[in-house]
Each structure stands twice: as structure tokens, then as C-alpha cells.
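J.:
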Amino acid sequence: MKNSEIDVSTITVGLVQMACSPEADKNLTSAIESICAAAKKGAQIICLPELFLTQYFCQTEDTQNFSLAEPLPGPTSETLSKLAKELEIVLVVPLFEKRTQG
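According to our numbering, the sequence shown holds residues 3 to 104 in order.
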């Protein structure tokens with residue numbers, strides 16, 4: 003659906019629910035498949051689960067998990083930005099953002 007064809011009186015939101023594994027690549031592949039499926043069904047805004055690249059680890063603060071953080075822009079945000087542009091959708095992508103020291 004092209005932007006000029008979007009019915010502005012109705013917006014369709016897709017919510018992705020997925021089981022996450024410890025392997026980020028598998029989780030990203032699963033997310034991309036779900037995004038494409040939701041877009042094909044007409045979703046214009048698609049929301050991914052919190053910290054979808056990993057199993058959820060935020061019950062307690064553990065500095066060992068800091069290595070899971072990604073810079074923004076970074077590999078995942080770049081990949082999903084390109085996909086959103088290609089599909090002409092809005093993606094909500096909750097990533098664990100790497101922060102600078104200080």
C-alpha cells in the first residue's frame with residue numbers, strides 16, 4: 003500500500019508476540035518474518051516486544067548484560083529502518099541502547 007493510498011481515518015496497528023532465544027540473529031530473523039506478515043495483512047504501525055533481540059533480562063541489573071547493548075544507529079536499527087522504508091510502515095523497535103561513559 004502506497005502512502006497516497008492510506009485511509010487516514012483508520013490506522014491498523016500490528017503487535018508482534020514472539021518467543022525469544024539467547025541467539026540475537028534468530029530473534030531478528032523471527033522479528034523480520036513477523037513484521038513482513040503483519041505488513042502483508044495491512045498493519046501500518048508494527049510494534050516489537052521489549053528487548054526482542056534477547057531473552058528478557060531486566061528483572062535485576064547485571065553489568066554482564068551491558069555487552070548486549072547496541073549503538074544507535076547500529077546494525078539492527080539500520081536493518082529494520084530499511085525494512086520499514088521498503089514496506090512503507092512505521093516500526094516501534096525497543097532496543098537495549100548502548101550509552102556513552104559518564
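Cβ coordinates follow ideal geometry from the N, Cα and C atoms, glycine included.
1. By Cβ distance, which residues of its chain are closer than 7 Å to A86, with the 5 residues on each side in sequence left out?
2. Just how far apart, CA to CA, sit A21 and I48?
3. Could you tell me the distance, in whole angstroms, from the CA atom of L17 to the CA atom of P77?
4. Just verifying my parser: in three-state terms, what is the DSSP assignment at L55?
5. With DSSP as the reference, please indicate the residues paired to I48 in a beta bridge.
6. Mapping the DSSP letters down to three states, classify E80 as helix, strand or coil.
7. What does a CB cutoff of less than 8 Å around E99 pick up in its chain, not counting 5 residues either side in sequence?
8. Is I34 buried or exposed, if buried means 16 or more other CB atoms sit within 10 Å of its CB?
9. For E52, which residues from the same chain have a beta carbon less than 6 Å from its beta carbon, with the 5 sequence-adjacent residues on both sides left out?
T.: In brief:
1. V92, L93.
2. A straight-line Cα-Cα distance of about 17 Å links A21 and I48.
3. Each residue's Cα considered, the two are about 22 Å apart.
4. In the three-state reduction of the DSSP assignment, L55 falls in the coil class, being assigned neither a helical nor a strand state.
5. BP columns for I48 point to G16, L93.
6. Three-state DSSP puts E80 in a helix.
7. Excluding sequence neighbours, E99 sits near A71, E72, P73, L74.
8. With a 10 Å radius around the Cβ and a threshold of 16 neighbouring Cβ atoms, I34 comes out exposed.
9. These residues qualify, in order along the chain: P96.
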